[in-house]
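Residue 867 is where the sequence shown starts when you use the working numbering, and the numbers rise one by one after that.
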Amino acid sequence: GGGGAYGGAGAGAGSGGLGFVGSRRIVSGGNSGGAYGQADYKGMVVDAGDVPAGCGCAGEGVQTGCVSVGCAQVAGPSMMTFVGTGAGDYITTTTYTYVGDGAGNLRMAQPTKVAYGRIGCLVLTLLLIAGAAIAMMMMPATTTTTMEPQKMAIAQAVTPPAEQMPMKMGECTFWGDPHINTFDGGRPSFYGEGEYYIVKSDSVIIQGRYLGTKYTAGLAATDSIAVGGDFLKGHVITVGSLRDGPIVVDGVPVLTRFPSEHVLEGVGVLKYSGEGELVDQATKDWEKKVVTMELPGDVRVEVFRWANYLDLRITMPKQPNQDGSCGNMNGDADDDTTEAIYSRIGARVPSGELLFNDRAPVDLTTVEEKLLTMCEPEKLAKAQTECAKDLASLTRTPSAVQTKSCMLDICYGANEHTLKMAKGLGLVPEVIE
């Protein structure tokens, strides 16, 4: 039976229980669970040395020993108190064995744990999600959608269009014999006669006919222009100086009255009036007769018609593969020289690309012949070689006059005041008939 006094391991067995103490057998006929000397084991004298641990010896035996042995049932202390370092090699452990559902109203409960780690992970996760959302809001609004067409149309209808950056516009001006200020600010000069590209691009085409006048000693001025290309849907607009007759669209005279307006259906509007900012202030005392073309793609052309030449202003955005007398609009004025433009697109408009109905005859004046003799020998030889190659697109055997007219541009294309120079050298008579 269990149950020793003073902190033993539990209650004794019931009455008549059987136990073993030491090396002696004890038959107990007493009550269970005695404490502090109350006999749990009776009916036999027990040697004191055989008393189990936790049990007490009580009574007086007939011989050395105990009349009775008491084993107390102690529930154990409610608090554990340190009483010093023990000398044993055992520790107290608790083992639970499932014996079925209890009938009490108490249950095992885990102590509350403060989940600092979990809270920290949750906060970190929320911060990462917030950061990702902010980053996505700052990204460009380029999206891929699988929205149904009907829903997409509704969304597009209620969503304002993204603001587009305005296109960079350029301006090119012609005046006099001819002075040119390209889109990039270059100042090439073209003194020979013939048909040139003013603007050559994939869609917008503007060609110019440069011819000499008696007031310029044969050095060319802008005589007329022709506007065409895909952006005009096959139409061609031709405007010449006052001596050249009417303004023409597709071979038919238009704007025959002054002032007047002509609508080119689905393309643009042409106006003929006295309105427009002068390109050359030297013409301020003359009556202005200006053709203004408002054309697709923000292309605007103003033509100032004078007695025997034109002044010109072209305003437009950069076009794909653009070049010509107005330059290539690449932001670099240094590559808008006459020679550089020739090397890129040739000296004259090839025969198969001409917007004009025919070519004007090319002439060379005495003053121009004298200027050629003054060209540096190396430059003159280079001009002759390049012009022969460039003019091959016009005819297999360019005439000597055509070749010399081209050479004049290469020799003096970098000099925008060749007429003034010729006058200074005495090549031009004081009075021109």
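Using N, Cα and C, we set each Cβ at its ideal position, and we do this for glycine too.
Quantities reported herein were computed from a predicted structural model and do not represent experimental measurements.
Would you say LYS1066 and ILE1211 are within 7 angstroms of each other, going by their C-beta atoms? Translated into the one-based positions of the sequence shown, residue 1066 becomes position 200. Translated into the one-based positions of the sequence shown, residue 1211 becomes position 345. Cβ atoms of LYS1066 and ILE1211: closer than 7 angstroms.
Exposed unless 16 or more other CB atoms sit within 10 angstroms - verdict on PRO1054: Counting from 1 along the sequence shown, the entry for residue 1054 is found at position 188. Buried, by the Cβ-count rule.
Could you name the residues of the same chain whose beta carbon sits closer than 7 angstroms to that of TYR1057, not counting the 5 residues immediately before and after it, in chain order? What you label residue 1057 is simply residue 191 of the sequence shown in a count that begins at 1. So the list reads LEU1085, ALA1086, LEU1274, ASP1275, TYR1278 and THR1284, once near-sequence residues are dropped.
Do CYS1253 and THR1269 come within 7 angstroms of each other at the CB atom, strictly closer than that value? Here residue 1269 refers to the residue found at position 403 when the sequence shown is read from its first residue. Here residue 1253 refers to the residue found at position 387 when the sequence shown is read from its first residue. The answer is yes: Cβ separation under 7 angstroms.
Considering just the uninterrupted stretch of the beta strand (DSSP E) at SER1126, what are its terminal residues? The count along the sequence shown starts at 1 and reaches residue 1126 at position 260. Taken as a continuous stretch (DSSP letters only), the beta strand (DSSP E) holding SER1126 covers 1126-1130.
Which of the three DSSP states, helix, strand or coil, is assigned to GLN1022? Residue numbering aside, residue 1022 sits at position 156 when the sequence shown is read from its first letter. With a pLDDT of only 49 at GLN1022, under the threshold of 50, the placement of this residue in the model should not be trusted; the figure read from the coordinates follows. GLN1022: helix per DSSP, three-state reduction.
What's the call for GLN1147, buried or exposed, on a 16-neighbour Cβ count within 10 Å? As a first step, residue 1147 must be located in the sequence shown, where it is residue number 281. That one is exposed.
Taking 6 angstroms as the limit between beta carbons, can you name the residues of its chain near ILE1103, skipping five residues before and five after? Residue numbering aside, residue 1103 sits at position 237 when the sequence shown is read from its first letter. So the qualifying residues of the chain are VAL1093 and VAL1115.
Less than 7 angstroms separating the beta-carbons of PHE1049 and THR1088? Here the question's residue 1049 lines up with position 183 in the sequence shown. Here the question's residue 1088 lines up with position 222 in the sequence shown. In this structure, THR1088 does not lie closer than 7 angstroms to PHE1049 by Cβ.
In the structure shown, what three-state DSSP assignment does TYR1175 receive? Looking up residue 1175 in the sequence shown gives position 309. Reduced to three states, the DSSP call for TYR1175 is coil.
Buried or exposed by the 16-neighbour rule on C-beta atoms within 10 Å, applied to SER1271: The residue labelled residue 1271 in the question sits at position 405 within the sequence shown. When all chains shown are included, SER1271 counts as buried.
DSSP three-state assignment for CYS1277, whether helix, strand or coil: Here residue 1277 refers to the residue found at position 411 of the sequence shown. In the structure shown, CYS1277 sits in a helix (DSSP, three-state: H, G or I).
What are the start and end residues of the alpha helix (DSSP H) that includes MET852? Since the first residue of the chain shown is 867 and the last is 1299, residue 852 is not available in this structure.
In terms of residue numbering, what span does the alpha helix (DSSP H) encompassing CYS1253 cover? Your numbering for residue 1253 matches position 387 in the sequence shown. Unbroken alpha helix (DSSP H) run through CYS1253: 1243-1256.
Given this structure, state the Cα-to-Cα distance separating ILE1000 from LEU988, to the nearest angstrom. Here residue 1000 refers to the residue found at position 134 when the sequence shown is read from its first residue. Here residue 988 refers to the residue found at position 122 when the sequence shown is read from its first residue. Distance between the alpha carbons of ILE1000 and LEU988 is about 19 angstroms.
Residues bridged to GLY1106 by DSSP? Counting from one through the sequence shown, the residue named residue 1106 turns up at place 240. Answer by DSSP bridge pairing, in chain order: SER1090.
C-alpha gap between LYS1289 and PRO1295, whole angstroms: Your numbering for residue 1289 matches position 423 in the sequence shown. Your numbering for residue 1295 matches position 429 in the sequence shown. C-alpha separation (whole angstroms): 8 angstroms.
If we call anything under 7 angstroms between Cβ atoms a contact, is ARG1109 one with ASN1174? As a position in the sequence shown, residue 1109 is number 243, starting the count at 1. As a position in the sequence shown, residue 1174 is number 308, starting the count at 1. Yes.
I want to know whether the region 1199-1206 touches the region 1058-1078 - three or more CB-CB distances under 8 angstroms. no
Whole-number beta carbon distance between ILE1046 and SER1191, since they are thought to touch under 8 angstroms: Here residue 1191 refers to the residue found at position 325 when the sequence shown is read from its first residue. Here residue 1046 refers to the residue found at position 180 when the sequence shown is read from its first residue. Rounded, the Cβ-Cβ distance is 6 angstroms, consistent with contact.
Between the region 1243-1252 and the region 1215-1229, can you find at least three pairs of beta-carbon atoms closer than 8 angstroms? no
Using the beta-carbon count (16 or more within 10 Å), is LEU994 buried or exposed? Looking up residue 994 in the sequence shown gives position 128. LEU994 comes out exposed.
Helix or strand or just coil, what does DSSP make of LYS1270? Along the sequence shown, one-based indexing puts residue 1270 at 404. Correct three-state label for LYS1270: helix.
Mark THR1082 as exposed unless 16 or more other C-beta atoms lie within 10 angstroms of its C-beta, in which case mark it buried. Translated into the one-based positions of the sequence shown, residue 1082 becomes position 216. The residue is buried, with at least 16 neighbouring Cβ atoms inside 10 Å.
For my contact list, LEU1176 and SER1259 are in at a C-beta cut-off of 8 angstroms; report their separation, rounded to the angstrom. Along the sequence shown, read from residue 1 onward, the residue named residue 1176 stands at position 310. Along the sequence shown, read from residue 1 onward, the residue named residue 1259 stands at position 393. At roughly 25 angstroms, the Cβ-Cβ gap does not stay under 8 angstroms, so LEU1176 and SER1259 are not in contact.
Hey, could you find the ends of the alpha helix (DSSP H) ARG1075 is sitting in? Looking up residue 1075 in the sequence shown gives position 209. Note, ARG1075: premise wrong, no alpha helix (DSSP H); beta strand (DSSP E) at 1071-1078.
Let me confirm a value: PRO1119 is counted as buried when at least 16 other C-beta atoms fall within 10 Å, else exposed. Which label applies? Here residue 1119 is taken as the residue at index 253 of the sequence shown, counted from 1. Exposed, because fewer than 16 other Cβ atoms sit within 10 Å of the Cβ of PRO1119.
Return the Cβ separation of TYR1063 and VAL1215 in integer angstroms, given the expectation that the two are a contact with Cβ distance under 8 angstroms. Translated into positions along the sequence shown, residue 1063 becomes position 197. Translated into positions along the sequence shown, residue 1215 becomes position 349. Right, their Cβ atoms sit about 6 angstroms apart.
N-terminal and C-terminal residue of the alpha helix (DSSP H) that THR1039 is part of: By one-based count along the sequence shown, residue 1039 stands at place 173. THR1039 -> not in any alpha helix (DSSP H); beta strand (DSSP E) instead, spanning 1035-1041.
Beta carbon of VAL1169, beta carbon of LEU1161: below 7 angstroms? Translated into positions along the sequence shown, residue 1169 becomes position 303. Translated into positions along the sequence shown, residue 1161 becomes position 295. Cβ atoms of VAL1169 and LEU1161: not closer than 7 angstroms.
When you compare each of ASP1200, LEU1221 and GLY1042 to VAL1105 by their alpha carbons, which one comes out closest? Along the sequence shown, one-based indexing puts residue 1105 at 239. Answer by Cα proximity: LEU1221.
By the three-class DSSP mapping on this structure, what secondary structure does GLN1096 have? Within the sequence shown, residue 1096 is the residue found at index 230, counting from 1. Here residue 1096 turns out to be Asp, not Gln, going by the sequence shown. If DSSP states are grouped into helix, strand and coil, ASP1096 belongs with the helices.
Hey, out of MET1033, VAL1070, GLY1292 and TRP1172, whose CA is closest to THR1149's CA? Sequence index remark: in the sequence shown, residue 1149 carries index 283 (1-based). Comparing Cα-Cα distances from THR1149 to each of MET1033, VAL1070, GLY1292 and TRP1172, the minimum goes to TRP1172.
Could you tell me the boundaries of the beta strand (DSSP E) in which LYS1066 lies? Position 200 of the sequence shown holds residue 1066. LYS1066 -> beta strand (DSSP E) spans 1060-1066.
Do LYS1236 and LEU1144 count as a contact pair if the criterion is CB distance below 7 angstroms? The residue given as residue 1144 occupies position 278 in the sequence shown. The residue given as residue 1236 occupies position 370 in the sequence shown. Cβ distance not < 7 angstroms, so LEU1144 and LYS1236 don't count as in contact.
Through-space distance from VAL1135 to PRO1125, alpha-carbon basis: Position 259 of the sequence shown, counted from the start, is the residue given in the question as residue 1125. Position 269 of the sequence shown, counted from the start, is the residue given in the question as residue 1135. Between PRO1125 and VAL1135, the C-alpha separation is close to 14 angstroms.
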